[in-house]
Structures are given as structure tokens and as C-alpha cells.
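Q: Here my numbering is used: the first residue of the sequence shown is 79, the next is one more, and so on. From the three backbone atoms N, C-alpha and C, an ideal C-beta is built for every residue, glycine too. I have a structure here, written as C-alpha cells, and I will follow up with some questions on it.
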Amino acid sequence: MPTNTLKIGIIGGGAAGFFAALSAKKHWPKAEVVVLEKSTKFLAKVKVSGGGRCNVTHAAFDTDYLASHYPRGARQLRRAFHQFNAKDTVEWFESRGVPLHTYPDGCIFPEANDSQVIIDCLMAEAKLLGVRLYLQEKVQKIEVKDANFEIISNDKAWIFDRVIVTTGGQPKRASLEWLEVLGHKLVEPVPSLFTFNMPKHPICELMGIVVPAATARIEGTKLSASGPLLITHWGMSGPAILLLSAWGARILHEKNYNFRVLIQWLARNEQEVQQLLDQAVAAHGAKKICNYKPFDLQSRLWNYLLQKSEISPELRWNELGKKNRNKLCNTLLNDAYEVQGKTTFKEEFVTAGGIDLSLVDIQTMQSKVLPGLFFAGELLDIDGVTGGFNFQAAWTTGFIAGKSAGESA
Numbered sequence: 079m080p081t082n083t084l085k086i087g088i089i090g091g092g093a094a095g096f097f098a099a100l101s102a103k104k105h106w107p108k109a110e111v112v113v114l115e116k117s118t119k120f121l122a123k124v125k126v127s128g129g130g131r132c133n134v135t136h137a138a139f140d141t142d143y144l145a146s147h148y149p150r151g152a153r154q155l156r157r158a159f160h161q162f163n164a165k166d167t168v169e170w171f172e173s174r175g176v177p178l179h180t181y182p183d184g185c186i187f188p189e190a191n192d193s194q195v196i197i198d199c200l201m202a203e204a205k206l207l208g209v210r211l212y213l214q215e216k217v218q219k220i221e222v223k224d225a226n227f228e229i230i231s232n233d234k235a236w237i238f239d240r241v242i243v244t245t246g247g248q249p250k251r252a253s254l255e256w257l258e259v260l261g262h263k264l265v266e267p268v269p270s271l272f273t274f275n276m277p278k279h280p281i282c283e284l285m286g287i288v289v290p291a292a293t294a295r296i297e298g299t300k301l302s303a304s305g306p307l308l309i310t311h312w313g314m315s316g317p318a319i320l321l322l323s324a325w326g327a328r329i330l331h332e333k334n335y336n337f338r339v340l341i342q343w344l345a346r347n348e349q350e351v352q353q354l355l356d357q358a359v360a361a362h363g364a365k366k367i368c369n370y371k372p373f374d375l376q377s378r379l380w381n382y383l384l385q386k387s388e389i390s391p392e393l394r395w396n397e398l399g400k401k402n403r404n405k406l407c408n409t410l411l412n413d414a415y416e417v418q419g420k421t422t423f424k425e426e427f428v429t430a431g432g433i434d435l436s437l438v439d440i441q442t443m444q445s446k447v448l449p450g451l452f453f454a455g456e457l458l459d460i461d462g463v464t465g466g467f468n469f470q471a472a473w474t475t476g477f478i479a480g481k482s483a484g485e486s487a
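Next comes the structure, spelled out in C-alpha cells:
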């Protein structure tokens, strides 16, 4: 097919949709590239992500290491990253006048610390390349007609030679059924990256406290995650909890979000904790336990953990005794909490599930069921942990889909 007659339609104006459009126009400059977005704004999730700062990608420049951060889709993405990876993302934005900054935890944000610079860059590139952008175009269905695709949006028909679907993660299966009708198997969508609710639990009174190196485990499973833990007014959050929710998305869904989480408050083993307790008794025996803490924990949390261990903060270290010492050690390393529900980040929600990857050629992002139809972004059964990985999957799959859309089906 001559490229000057090629019409590529992209359903969804988010990160994956824009990158697919830009890639399509870059690789196939004579093609007509159209983006249809159902809402009143393009790149809405980019705007609110990372607290309005946009965690563009992660400094994971080794392909295997990068792929290891995806609870679902890691094997397929490992191959996709050979075409476009985190290093390519950094070069792409910086070469277009958006300097990026890498933080100690590996997260990469724009130097401006403002997601708007990412949006402005993508919009400017779309204008430069001549991508046609349409808002408030809600796609109702898609049909194959005479080797072309007819998209019905707002009761209006659009005809395209190729279609790239980038509608993002969908919390409800019903939102994906129009693709199931076309023969695509769906993996049931469930939430990922959510915080743990502990209604009216006393620990919520410590909201705002961050423990830099905690480990959280789901009782009765092998699920475990480490990192900073944040106590909130509704329960627990922070990277350790979000990691746990991502890797355990399906298991926790099956438990209806009612389970016990075990918290290790210290990055130490039992022997190390017991040694520090021994040292506290030997060197600070006359001091009250509340006035000397051998561990790097905030005072409010330390006193809470003492009370939870049924140890009076007024007790002196030389009065602790072996029984109390063992109870305190257990609380520090194996503290249990009942979780009753979850809280997702509304605009930033991430889902596990979507289009079954067995029906997508990861080298082209083309449907194996319907040639000429491509997918990109979180619509696929791909999701990453927190830290810029979900955006990287969007840039990668969008780039590949756009590049491949002009090739013969």
C-alpha cells in the first residue's frame, strides 16, 4: 500500500497513544495519523502522575533488570525493550529540550519537577509532525470493512487502514468487551498499586511517619516487599506496600482485600536485634526505655511498638527481662495487622489484566487475531511496579506499535 494513502487511527490520547502517534508519523511521514480521545483533555494521567511531577521512566538501563519490575508482561517486555528502552526514553525527551533528573532511588523526573513540561513536549512534537488530534470522541465500536477499519465515534464513522488501541487500564471488564467481540481473549482486570486500609486501627494515629527500610509480607503466602513504609490516616502506604500490592494483585483480589500483613520495622535480623537490645541493657540500664531507643525509629512509633508489646515506656532497660525482650523483638520483626480493604490512586490507577499477551505479537504490537489492529499501553496485560515503569511500558509499546503500523499487514 503506498504510504501517502495510509491512514492510521489511534484510539486513546494518553502516554501510549501519543507515543504511538508520534512514532507512526516519524516512521511514516506521508501517512495521515489521527488520535481520538474520549475525554476533554489529552494526557490527563501524565498530568497527575507522580504528584504532578511525572515519573517519566527509571534508571534501569539493563534490559533484564528493567523487565524484572513488571509483575505481568516481563517476559514479553524483555524482547520489546530491545527496540525502545529507558535509555531511549531519556534521550528522546532530552533531545527535545526536556532535561531530566535521576534521583537516588532511580526514579527519573523532569528537572522542572512539573508534568506539564512532558505534556508540552508531546503536544509540540505532535504539532510539528502534523498529527491530527480530536477530543471528546468516544469510540462505540470498531468493525472490519473491505480490508479497512470503520470506527464509530459519536455516531460518526472514521475509516482507517490501521488502528492502534491505547485506551489505558480499564478497572471493569465491560470496558474491554468491544475488543473481546473482535476475538481477543481478556485477562480479568483487577487493581494493582494500592494502599492497605486498616479502619480505626490505633496505628493510624501515627499518620505521616515514614519508616525508611521496612519489609511487608502477606501472611500465608510467599509475597514480600521491602522499602519505605508510610503510615497514613487510613492504614499503610509507601513503596513497600505498593510493591506488595502489585506483585500480589490477583492473590489479594481473591482474598477480597481482607488479610493479615506482617511488618518488619527494621532492616535487621533477629540476632542483630537481640544484640542491640543486650547492648541497651548493658550500656543504658538505668535509663527509661522511652528515653533511649537502640533503633532508628521515630519516638512516636517506638512508644507505640512498646505499648503493643505490653511494655511500659516508663520501664528501665535493666528491668526489661528476657520475656519482654523476646516480645519486643517479635513486634519489631513480625508485627501483624488486619487489612480490610484498599485505596487506589483515582486518576493514577493501575490495573493488572487486559488484552491477553498470547494474542499479540510483541515485536510489532499487532493483533494475531486481526491483522492491521495494534495495541499499546496498559490496555495490555502488562503492569509495572511504582517508579516510572508503567510509563516506560507505555513509551515502549507505543513506539513499537507506531513504527509497525505502516508495515504491510
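Taking the continuous beta strand (DSSP E) assigned at Q342, which residues delimit it?
A: N336 to Q342
Q: Assuming the contact rule is C-beta atoms closer than 8 Å, I319 and T273 should be a hit. Round their C-beta distance to whole Å, please.
A: 6 Å
Q: Please go through the same chain and pick out, in chain order, the residues whose beta-carbon is closer than 7 Å to the beta-carbon of P80, but skip the five residues on each side of it.
A: Here P80 scores only 44 on pLDDT, less than 50, and its place in the model should not be relied on; the value that follows carries that caveat. So no residue of the chain qualifies.
Q: Any idea which residues DSSP pairs N226 with across the strands?
A: In the DSSP output, where bridge partners are listed per residue, N226 has K223.
Q: Output the distance between the C-alpha atoms of A364 and D356, rounded to the nearest integer angstrom.
A: 14 Å
Q: Taking its Cβ as the centre, do 16 or more other Cβ atoms sit within 10 Å of T276, making it buried, or is it exposed?
A: Before going further, note that residue 276 is Met rather than Thr in the sequence given. By the neighbour-count rule (16 or more Cβ atoms within 10 Å), M276 is buried.
Q: Can you grab the Cα-Cα spacing for the pair A99 / A93, in whole Å?
A: 10 Å
Q: Quick one: measure Cβ to Cβ for A327 and V268, integer angstroms, because I've assumed they're closer than 8 Å.
A: That belief holds up - the Cβ atoms of A327 and V268 are roughly 6 Å apart, short of 8 Å.
Q: Which residues in the same chain have their Cβ closer than 6 Å to the Cβ of S302, if we skip the five residues on either side of it in sequence?
A: Contacts found: R295.
Q: Under three-state DSSP, which class holds Q194?
A: The answer is helix: DSSP assigns Q194 an H, G or I state.
Q: Any idea what DSSP makes of M314, helix, strand or coil?
A: strand
Q: What separation, rounded to the nearest whole angstrom, lies between the Cα atoms of L379 and K125?
A: 35 Å
Q: Report the partner residues of L211 according to the DSSP bridge assignment.
A: V113
Q: Check the DSSP bridge columns for M430 and list the partner residues they point to.
A: The amino acid occupying residue 430 in the given sequence is Ala; Met does not appear at that position. According to DSSP, which records beta bridges pairwise, A430 is partnered with V268.
Q: Roughly how many whole angstroms lie between the Cα atoms of I478 and V113?
A: When rounded, the distance between both Cα atoms is 16 Å.
Q: What span of residues does the alpha helix (DSSP H) with H105 cover, start to end?
A: Counting along the chain, the alpha helix (DSSP H) containing H105 begins and ends at A93 to H105.
Q: For the segment 408 to 428 against the segment 204 to 218, do three or more pairs of beta-carbon atoms, one drawn from each stretch, fall closer than 8 Å, so that the two count as touching?
A: no
Q: Would you report the Cα separation of P290 and Q353, rounded to the nearest angstrom?
A: 21 Å
Q: Fully enclosed by the segment 394 to 453, which alpha helix (DSSP H) runs are 4 residues long or longer?
A: 399 to 411
Q: Would you list the residues sitting across from C185 in a DSSP beta bridge?
A: H136
Q: In the DSSP output, what is L379 paired with across the bridge?
A: Answer is none; L379 lacks a bridge partner.
Q: Following the continuous beta strand (DSSP E) through V243, name the residue where it begins and the one where it ends.
A: Residues R240 to V243.
Q: Taking only three categories from DSSP, how would you classify K165?
A: helix
Q: Considering only the beta carbon of each residue, do I433 and V265 sit closer than 9 Å?
A: yes
Q: Would you decide whether Q441 is buried or exposed? Buried here means 16 or more other CB atoms lie within 10 Å of its CB.
A: exposed
Q: Would you tell me roughly how many angstroms separate the C-alpha atoms of Q342 and N412, rounded to the nearest one?
A: 5 Å
Q: To the nearest whole angstrom, what separates the beta carbons of L322 and V447, a pair I think is in contact under 8 Å?
A: Actually they are not in contact, since the Cβ atoms of L322 and V447 sit about 35 Å apart, beyond 8 Å.
Q: With a threshold of 16 other CB atoms inside 10 Å of the CB of P280, please say whether the residue is buried or exposed.
A: exposed
Q: State yes or no: is the C-beta of L178 within less than 9 Å of the C-beta of N163?
A: no
Q: Can you tell me which of the three DSSP states K250 falls into?
A: coil
Q: Between which two residues does the alpha helix (DSSP H) carrying R156 extend?
A: A152 to A158
Q: Relative to the alpha-carbon of W395, which residue among K386, V428 and V359 has its alpha-carbon at the smallest distance?
A: V359
Q: Skipping 5 residues on each side, what residues in its chain have a beta carbon closer than 7 Å to that of V351?
A: Cβ within range, chain order: L344, C407, L410 and L411.
Q: Specify, as a first and last residue, the run of the beta strand (DSSP E) that K85 falls within.
A: K85 to I89
Q: For N468, which residues of its own chain have a beta-carbon under 7 Å away from its beta-carbon, when the five flanking residues on both sides are left out?
A: Correct list, in chain order: V428, E456, D461 and G462.
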